[in-house]
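Each residue of the sequence shown is one higher than the one before, starting from 1 at the first, in full-length UniProt numbering. C-beta atoms are modelled at their ideal positions from N, C-alpha and C, and glycine is treated no differently. Note that the structure is a prediction, hence the values are computed from the model and not measured. What follows is a single structure, written as structure tokens, with notes after it.
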Amino acid sequence: MLSTADGAPIDLDGEFLDTPFTDMDFDSLAVLEIATRVQQDYHLAIPDEAVADLTTPRDVLDYVTQRLRESA
Numbered sequence: 001m002l003s004t005a006d007g008a009p010i011d012l013d014g015e016f017l018d019t020p021f022t023d024m025d026f027d028s029l030a031v032l033e034i035a036t037r038v039q040q041d042y043h044l045a046i047p048d049e050a051v052a053d054l055t056t057p058r059d060v061l062d063y064v065t066q067r068l069r070e071s072a
């Protein structure tokens with residue numbers, strides 16, 4: 001289960017792909033942690049300037065999908 005920086009659980013049962021991370025109480029450190037996990041799990045480098053553009057879960061999915069297609 002995901003949680004916000006203050007430990008509150010996040011409900012992922014609804015429409016959340018286009019919800020900004022800030023609306024889910026994710027701070028910049030939480031977004032950086034997401035980027036770090038993606039880099040580790042998928043062996044993708046994510047430049048700092050790209051992390052700044054990852055403002056929703058859909059942005060993360062689209063970025064990872066695009067990078068994986070480029071490396072295939």
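Return the first residue and the last residue of the alpha helix (DSSP H) that residue i is part of.
i   : result
I34 : S28 to Y42
P57 : P57 to S71
Might you give, ordered along the chain, the residues of its own chain that have their beta carbon closer than 6 angstroms to the beta carbon of residue i, omitting 5 neighbours on each side?
i   : result
I46 : A35 and Q39
Within the same chain, show all residues whose beta-carbon is closer than 7 angstroms to that of residue i, passing over the 5 residues directly before and after it, in chain order.
i   : result
A50 : Y63
L54 : V31, A35, V60 and Y63
L44 : V38, V64 and R67
Is residue i near the ligand MG, judged by its Cβ being under 7 angstroms from some heavy atom?
i   : result
Q39 : As far as ligands go, the structure on display features none, and thus does not contain the ligand MG.
Would you mind stating whether residue i and residue j have Cβ atoms separated by less than 8 angstroms?
i   : j   : result
L32 : T56 : no
Y42 : L68 : yes
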